[in-house]
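Undergrad: So the sequence lines, in the order shown, correspond to chains L and C.
In short: position in the first sequence from 1, add 5, done, that's the working numbering.
In short: position in the second sequence from 1, add 17, done, that's the working numbering.
All residues carry an ideal CB built from backbone N, CA and C; glycine is no exception.
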Amino acid sequence: MKTNTEADVRTDTGIKVMALFFVAIIFLALTTDPIKTGTKEGDRAPMLEGKAYNGSSWYEFDMSDYLTQNWTAGDAEGQWLVVEFMDTDCPFCVRSADDVGYDAEYFMKLRPSHATNPGMGPWDGPVVNFIASATELDIPGHETSRDEIEAFRDKSGDEVCADSACAERAGQSHRFVYIDDIDQDNMKEWKVPGTPAYFLIQPDGIVAWTSTENSQETVFEAIMRITPEA
Amino acid sequence: MVNQNLLLLAYIVPIGLGTLLMTKAGQGLGKTLSGRQPLLKHARRRHMFGLNLVVLAGFVVSVHTLWISNKISEGGNVCSSATVFSCDDVLGNAQYNTDPVFGLPWGMIGMVAFGALMFITNSVSKEPDALWAEKYLNYGKYMTLVGVPIIALLISYEVAMEKICQFCTMAHIANMVCLFGFWRAGKMIEEGQWNDDEAQGINWKE
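1. Let me make sure I understand the geometry here. Which of C:Ser90, C:Asn22, C:Gln44 has the alpha-carbon closest to that of L:Ile40?
2. Using the beta-carbon of each residue, which ones in chain L are nearer than 9 Å to C:Glu91?
3. Cutting at 8 Å between CB atoms, please list the residues of its own chain near L:Phe231, excluding the five before and the five after it.
4. For the segment 199-223 of chain L, which residues have a beta carbon sitting closer than 9 Å to at least one beta carbon of chain C?
5. Within the chosen definition, does the segment 93-110 of chain C reach the segment 184-199 of chain C through at least 3 CB pairs nearer than 8 Å?
6. Is the beta carbon of L:Thr200 closer than 9 Å to that of L:Asp104?
7. Are L:Arg151 and L:Trp63 closer than 9 Å when you measure CB to CB?
8. In this structure, does DSSP put L:Met113 in helix, strand or coil?
9. Taking Cβ-Cβ distances below 7 Å as the criterion, which residues of the segment 52-80 of chain C are in contact with chain L?
10. Compare the C-alpha of C:Ser86 against each of C:Val77, C:Asn114, C:Arg61 and name the closest.
11. CA-CA distance, C:Thr100 and L:Asn122?
12. On the three-state DSSP scale, how would you describe C:Gly218?
13. Please classify L:Leu86: does DSSP put it in a helix, a strand, or coil?
14. Rounded to whole angstroms, what's the CA-CA distance from L:Ser216 to C:Tyr156? Just pull it up for me.
15. Scan the segment 173-194 of chain L for residues whose Cβ lies nearer than 7 Å to a Cβ of chain C and list them as they occur along the chain.
16. Just list the residues that DSSP pairs L:Met91 with in beta bridges.
17. With DSSP as the reference, identify every bridge partner of L:Ile211, one or two as the case may be.
18. Alpha carbon to alpha carbon, how far is C:Ala74 from C:Leu25? Give it in angstroms, no decimals.
19. Identify whether L:Thr42 lies in helix, strand or coil by the three-state DSSP scheme.
20. Measuring alpha carbon to alpha carbon, tell me which of L:Arg116, L:Arg174, L:Met52, L:His119 ends up nearest L:Gly5.
21. Does the beta-carbon of C:Lys222 have 16 or more other beta-carbons within 10 angstroms, so that it is buried, or is it exposed?
22. What first and last residue would you give for the beta strand (DSSP E) that runs through L:Trp63?
23. I need the boundaries of the beta strand (DSSP E) containing L:Ala57, first residue and last residue.
24. Are the CB atoms of L:Lys56 and L:Glu46 nearer to each other than 9 Å?
25. Below 7 Å CB to CB, which residues in the same chain sit around C:Glu151 once its five sequence neighbours on both sides are set aside?
26. My assumption, with CB atoms under 8 Å, is that C:Gly35 sits in contact with C:Val71. Please give the rounded CB distance.
27. Skipping 5 residues on each side, what residues in its chain have a beta carbon closer than 8 Å to that of L:Ala175?
28. I'd like to confirm the pairing. Which residues does DSSP put opposite L:Tyr183 in its beta bridges?
29. Taking any Cβ of chain L, which residues in the segment 148-174 of chain C have a Cβ under 8 Å from it, in chain order?
30. Need the endpoints of the alpha helix (DSSP H) that C:Ala202 sits in, please.
31. Examine chain C for any beta-carbon lying closer than 9 Å to the beta-carbon of L:Leu25, and answer yes or no.
32. Does the beta-carbon distance from L:Gly79 to L:Pro208 come in below 9 Å?
33. Is the beta carbon of C:Gly67 closer than 9 Å to that of C:Tyr52?
34. Name the chain C residues that come within less than 9 Å of L:Gly43, Cβ to Cβ?
35. Leaving out five residues on either side along the sequence, give the residues of the same chain with a beta carbon under 8 Å from the beta carbon of L:Glu148.
36. Using a Cβ-Cβ cut-off of 9 Å, state whether C:Leu34 counts as contacting chain L.
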């Protein structure tokens, strides 16, 4: 009787290779719990990179310094993070600079009251740190520089932000960190369609809220709604 | 945490050994090993053994990169470093760590590719004289050839990030060695050396 044993070799090998493949998949499933990296709500926020300005000098920014990896939902101790993507020459960013500053002062617990919500008592929720990632949009007239970022943040110098002096923008000088994203690296990685864009990040680095997905809600309202009370 | 350099060595050794067995330099090694494994004295058995080793290392390193990707997504640090060698920075970069068409992690693509190559090399190793063996070796060659522009794309990502993922590089090297292995197997068939005669001397001059 004639039999073709060649097919058996391939079947046998195919089964063994598939078994090995599934062993690898089971190993991955049992040892990891992946969360998609991205900028939609529920995704893990990508790490922001670049030099950051804190009011006195530029230094290497490390976003992990702001995160608490072992944070659990409901824990009011962990510090949250608001990331603002802005362009110093974007008129909307210039106009909203005062509100961002007031929110930052209040939620970072630098002031006991909110400038535009005077009825609010001292913030008793978790500390919400603010970070601005300053980019340069590909629009004529939006050329920026580190000097301009400093001028925007500190309300100082002779730089021009959106056709007017940076020093004369609304609100007070900001006391949070500005990251140099003139090369748009962070903006592209975060898939930011335009400025200003805001992201509220949980202490464990998960995106809790984005302004693009919640256009009817302000950063202030989002923080009040989402962060746990002390 | 296991030392990442030790883990890297665990991939370098089989890939290096596999490459050695597929080259002229491996003839002496094959002779030495044939005391334990008599089949290794045959050039094509030695060649396929080397190819299987490299493919297996490529598969395991692909699993490892996918594991690192998953761990980074959990918020962990696996192999981050301030130097140019930092797989965390490469595999954790959402802009580059998935393929642009299906959005699959590169590690998963590596697993599938090396899994398919493993099927080819194992099948041919078991039945090297089968009618389909040469065709399968050609498939392997084309598959690894398709991997070349993909590797170029991934290297361009690393250049853009100014970081190198050492484990990804191991997978790239494994693919290139496999390409050589499949090409060399084709040459052996062409030159009539694809048999289990105790032919030690492959014509390397051509």
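TA: On the basis of the supplied data:
1. Looking only at C:Ser90, C:Asn22, C:Gln44, the smallest Cα-Cα distance to L:Ile40 is reached by C:Ser90.
2. Proximity of chain L to C:Glu91 at the Cβ level (cut-off 9 Å) is accounted for by Thr37, Asp38, Pro39, Ile40, Arg49, Gln74, in chain order.
3. Per the sequence shown, the amino acid found at residue 231 of chain L is Ile instead of Phe. Scanning its chain for C-beta atoms nearer than 8 Å, with the 5 sequence neighbours on each side dropped, one finds around L:Ile231 the residues Leu205, Ala213, Trp214, in chain order.
4. With the criterion set as a beta carbon lying under 9 Å from some beta carbon of chain C, the members of the segment 199-223 of chain L are Asp209, Gly210, Ile211, in sequence order.
5. Touching, yes.
6. Contact check for L:Asp104 against L:Thr200 fails: the beta carbons are separated by 9 Å or more.
7. Taking 9 Å as the cut-off, the Cβ atoms of L:Arg151 and L:Trp63 count as close.
8. Collapsing the DSSP output to three states places L:Met113 in coil.
9. So the close ones are Val80.
10. Checked all of C:Val77, C:Asn114, C:Arg61; the closest Cα to C:Ser86 is C:Asn114.
11. C:Thr100 and L:Asn122: Cα-Cα distance of roughly 47 Å.
12. In this predicted model, C:Gly218 has a pLDDT of only 49, less than 50, meaning its place in the structure is not dependable; the value taken from the coordinates is given anyway. In the three-state DSSP reduction, C:Gly218 falls in the coil class, being neither helix nor strand.
13. Of the three classes helix, strand and coil, the one that applies to L:Leu86 here is strand, per DSSP.
14. Distance between the alpha carbons of L:Ser216 and C:Tyr156: 49 Å.
15. Cβ contacts with chain C: Lys193, Glu194.
16. Beta-bridge partners assigned by DSSP to L:Met91: L:Ala139.
17. In DSSP, L:Ile211 forms a bridge with L:Arg49.
18. Approximately 11 Å between the Cα atoms of the pair.
19. Correct three-state label for L:Thr42: strand.
20. Outside the shown range of chain L (6 to 235) lies residue 5 of chain L, about which nothing can therefore be said.
21. Because the pLDDT of C:Lys222 is 49, which lies under 50, any placement of that residue in the model is unreliable, and the question is left without a value.
22. L:Trp63 -> beta strand (DSSP E) spans 63-65.
23. It spans 56-58 - the beta strand (DSSP E) in which L:Ala57 sits, taken as one unbroken run.
24. Not closer than 9 Å, so no.
25. The residues Ile206, in chain order, have a CB closer than 7 Å to that of C:Glu151 in the same chain once the five nearest residues on each side in sequence are set aside.
26. Between C:Val71 and C:Gly35 the Cβ distance is about 4 Å, and since that is below 8 Å, they are a contact.
27. Val99, Arg100, Ala102, Asp103, listed in sequence order.
28. By DSSP's assignment, L:Tyr183 forms a beta bridge with L:Tyr58, L:Ala137.
29. Cβ contacts with chain L come from Leu148, Trp149.
30. 183-207 is the extent of the alpha helix (DSSP H) around C:Ala202.
31. At a cut-off of 9 Å between beta-carbon atoms, L:Leu25 makes contact with chain C.
32. Not closer than 9 Å, so no.
33. Note on identity: in this sequence residue 52 of chain C is Gly, with Tyr being the wrong assignment. In terms of Cβ geometry, C:Gly52 and C:Gly67 do not form a close pair [threshold 9 Å].
34. Listed by position along chain C, the residues whose Cβ is nearer than 9 Å to that of L:Gly43 are Ala111.
35. The residues are Asp94, Glu141.
36. No - not a single Cβ of chain L is within 9 Å of the one on C:Leu34.
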